[in-house]
Amino acid sequence: MVGNTKKETAPKQVLNPVNERITKRFPSVDRGKIWQDVSEKDWSNWMWQQRNRVRTLEQLEKVINVTDDERKAYEGSVEMFNMSITPYYAALMDPDDPNCPIRMQSVPKMGELTIDVTDLEDPLGEEKDMPVPGVTHRYPDRVLFYTTHNCAMYCRHCTRKRKVSDPSSAAQKKQLEVGLDYIRNHPEIRDVVISGGDPLSNSDERLDYIMGELRSMDHIEVFRLGTRNMVTLPQRINDDFIQMIRKHQPVFVHTHFNHPKECTAEAFEACARLADAGCMINNQMVLLKGINDDPGIVKELNHKLLMMRVRPYYIFQCDLAQGISHFRTPVEKGLEIIENLRGWTSGMAVPHYVVDGPGGGGKIPLIPEYVKERKGNKVVLRNYKNDEFVYYDSSDLEED
Ligand SMILES: *Cc1c(COP(=O)(O)O)cnc(C)c1O
Ligand code: SF4
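Counting from 1 along the sequence shown, just add 74 to a position and that's the residue number in this note's numbering.
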């Protein structure tokens, strides 16, 4: 039926359409052979995507040419940390290149089975600053609030491996209440990072409930949803979700794009819908060896993000979580990336490069050194091109 097909493939309505010259830079995912016959209705349904995730070696073999390293790594890691890849994200993988950035983030590699002497079980000391289960209160005015341990896709570089994908540690309704009570009773909290796992693994009803409760607290000014769904399951950002989120503004959405390959038409649309609904979107990239440890790649990613109305916010140094040492780069690499962005491109495309202080120090920003010398009130600076400039502090600030 022509009529029916047309209805099924009609693009979802975006309130404020973006110029076509921009959108055409974002290619739609090529579904490949396995999923080419799936109806548009199923493919664009997040529940279908979720149900049909690639979880076994047999399924994976149908999508890519699995290498021996990946096969062994799968067998060695599946007990500890599930493999789970949405068809959408899996379709972005290069079937023949084991170093494909999408593949490296979603398919186990032998490096995961190595535990480095410097690895930590709780690298960010999140348990230490946990006044009640499910809330990390480290900074004066904001908290991290865990609402689930499920994610659409399990990132191989996940820092919360010890918790994520483990059904026994799922946040129960009771724990949610305890967390909400804690936030309610602490008027100094004005910003809540709703996290997980991925909070969008919760139903709309549950998210509506959580955000509604937070909005009912006088001291809560803003909250953020920390989600990777725009990257791994953009279908999740559907009409119902958008209608629900509109009720709770101001809502910030913090997401996690790591590579320009993830900037597809589908991801673009998911971000457009959130932006149209009034959300501010920020990106928190993780610096990963072999994936994005290259100034050119980060610049391309950040330019694409800006077109998607996503502001690059953080570049995270890979932390000391167990079994991710193969992803770590030296700190100099992060500094080199910032050095290659600042001045060379829009300031909007320059995020903060941070190291999360191991054991609970919080985020520590690192920037290249731009002060070359200080003598009295004379400050010798260098710019992005390494040209020197002298600035004079006003004399009443001069030290004697
Ligand atoms: C990252 C983080 C936050 C939010 O930090 P911002 O710098 O405000 O983005 C809050 N609490 C904890 C424990 C965090 O790790
Ligand atoms: S979405 Fe976030 S919490 Fe979930 S596996 Fe990826 S990095 Fe970990």
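Heads up, the beta-carbon is just placed ideally off N, CA and C, and yes, glycines get one too. This one's a predicted model, so the numbers in the text were calculated from it and none came from an experiment.
Would you tell me roughly how many angstroms separate the C-alpha atoms of residue i and residue j, rounded to the nearest one?
i, j, result
"SER102", "VAL217", "37 angstroms"
"VAL181", "LEU274", "22 angstroms"
"PRO334", "PRO205", "39 angstroms"
"ASP142", "ILE189", "20 angstroms"
"ALA339", "ILE96", "11 angstroms"
"ARG347", "ILE316", "7 angstroms"
"VAL76", "ASP116", "Bear in mind that the predicted position of VAL76 carries a pLDDT of just 42, short of 50, making it too unreliable to give a figure here."
"GLY185", "ALA351", "41 angstroms"
"ASP278", "GLU114", "22 angstroms"
"GLN124", "MET304", "14 angstroms"
"TRP122", "ASN460", "53 angstroms"
"SER269", "LYS136", "33 angstroms"
"PRO207", "THR222", "12 angstroms"
"GLU374", "SER469", "44 angstroms"
"THR192", "LYS107", "43 angstroms"
"VAL100", "GLU343", "It is Phe, not Val, that sits at residue 100 in the sequence shown. Each residue's Cα considered, the two are about 10 angstroms apart."
"PHE463", "LYS248", "59 angstroms"
"ARG264", "LEU299", "15 angstroms"
"LEU198", "GLU94", "43 angstroms"
"PRO91", "PRO369", "31 angstroms"
"THR210", "LYS452", "43 angstroms"
"LYS201", "GLY434", "Lys is not the amino acid found at residue 201; the sequence shown has Glu there. Each residue's alpha carbon lies about 9 angstroms from the other."
"ALA294", "ASN376", "First, the residue type needs correcting, since residue 294 is Ile and not Ala in the sequence shown. In a straight line, the C-alpha of ILE294 is about 30 angstroms away from that of ASN376."
"CYS225", "VAL238", "8 angstroms"
"VAL428", "ALA395", "16 angstroms"
"ALA341", "ASP314", "17 angstroms"
"LEU250", "PHE326", "20 angstroms"
"ARG281", "LEU455", "Per the sequence shown, residue 281 should be read as Leu rather than Arg. LEU281 and LEU455: Cα-Cα distance of roughly 49 angstroms."
"LEU440", "ARG289", "34 angstroms"
"HIS330", "GLU410", "21 angstroms"
"ASP215", "ASN332", "28 angstroms"
"TYR458", "ASP255", "48 angstroms"
"PRO404", "ILE311", "36 angstroms"
"TYR387", "GLU413", "16 angstroms"
Relative to the alpha-carbon of residue i, which residue among the options has its alpha-carbon at the smallest distance?
i, options, result
"ILE319", "MET184, MET285, THR221 and ASP292", "MET285"
"CYS392", "ARG230, THR210, TRP122 and HIS322", "ARG230"
"TYR163", "PHE155, MET178 and GLU149", "MET178"
"PHE155", "LYS136, ASN173 and LYS183", "LYS183"
"PHE401", "THR233, VAL384, GLU295 and PHE342", "THR233"
"VAL384", "ALA423, LEU440 and GLY397", "ALA423"
"LEU131", "MET359, THR301, SER118 and ARG145", "ARG145"
"VAL128", "TYR458, THR306 and ASN259", "THR306"
"CYS353", "GLY199, VAL296, GLU149 and LYS378", "VAL296"
"PRO161", "CYS174, MET359, ILE138 and LYS437", "ILE138"
"MET157", "ASP196, LYS235, THR329 and ASP170", "LYS235"
"ASP171", "LEU455, LEU288, ILE365 and SER420", "ILE365"
"PHE390", "ILE438, GLU413 and LEU134", "ILE438"
"PRO425", "ALA395, PRO169, ASP467 and ASN356", "ASN356"
"ILE159", "GLN133, TYR444 and ASN332", "GLN133"
"LEU362", "VAL112, ILE176 and LEU281", "ILE176"
"PRO324", "LEU254, ASP314 and ALA349", "ALA349"
"TYR466", "ARG456, TYR458 and LYS449", "LYS449"
"GLU443", "ASN173, GLY431 and ARG416", "ARG416"
Where do the ends of the beta strand (DSSP E) carrying residue i lie?
i, result
"LEU218", "216 to 220"
"GLU431", "It is Gly, not Glu, that sits at residue 431 in the sequence shown. Start and end: 426 to 431."
"ASP265", "265 to 269"
"LYS452", "452 to 456"
"ARG448", "445 to 449"
"ILE438", "436 to 439"
"ARG258", "Run containing ARG258: none in the beta strand (DSSP E); it sits in the alpha helix (DSSP H), 247 to 258."
"PHE326", "325 to 329"
Which residue comes first and which comes last in the alpha helix (DSSP H) that contains residue i?
i, result
"LYS98", "Careful: LYS98 lies outside any alpha helix (DSSP H) and carries neither H nor E."
"LEU348", "339 to 350"
"TYR466", "Unbroken run through TYR466 is the beta strand (DSSP E), 462 to 466; no alpha helix (DSSP H)."
"ARG289", "278 to 289"
Q: Starting from the N-terminal side, write out each stretch of the alpha helix (DSSP H) that is 4 residues or longer and does not extend beyond the segment 359 to 424.
A: 369 to 381 and 405 to 413
Q: Kindly provide the chain-ordered list of residues whose Cβ lies closer than 6 angstroms to any non-hydrogen atom of ligand 2.
A: Going by the Cβ distance cut-off, the answer is CYS225, TYR228, CYS229, CYS232, ARG234, VAL238, GLY270, GLY271, ASP272 and ARG302.
Q) Curious, which full-length alpha helix (DSSP H) runs of at least 4 residues does the segment 118 to 143 contain? A) 120 to 125 and 131 to 137
Q) What runs of the alpha helix (DSSP H), each 4 residues or longer, lie entirely inside the segment 154 to 202? A) The alpha helix (DSSP H) runs of length 4 or more contained entirely in the segment 154 to 202 are, from start to end of the chain, 161 to 164 and 175 to 180.
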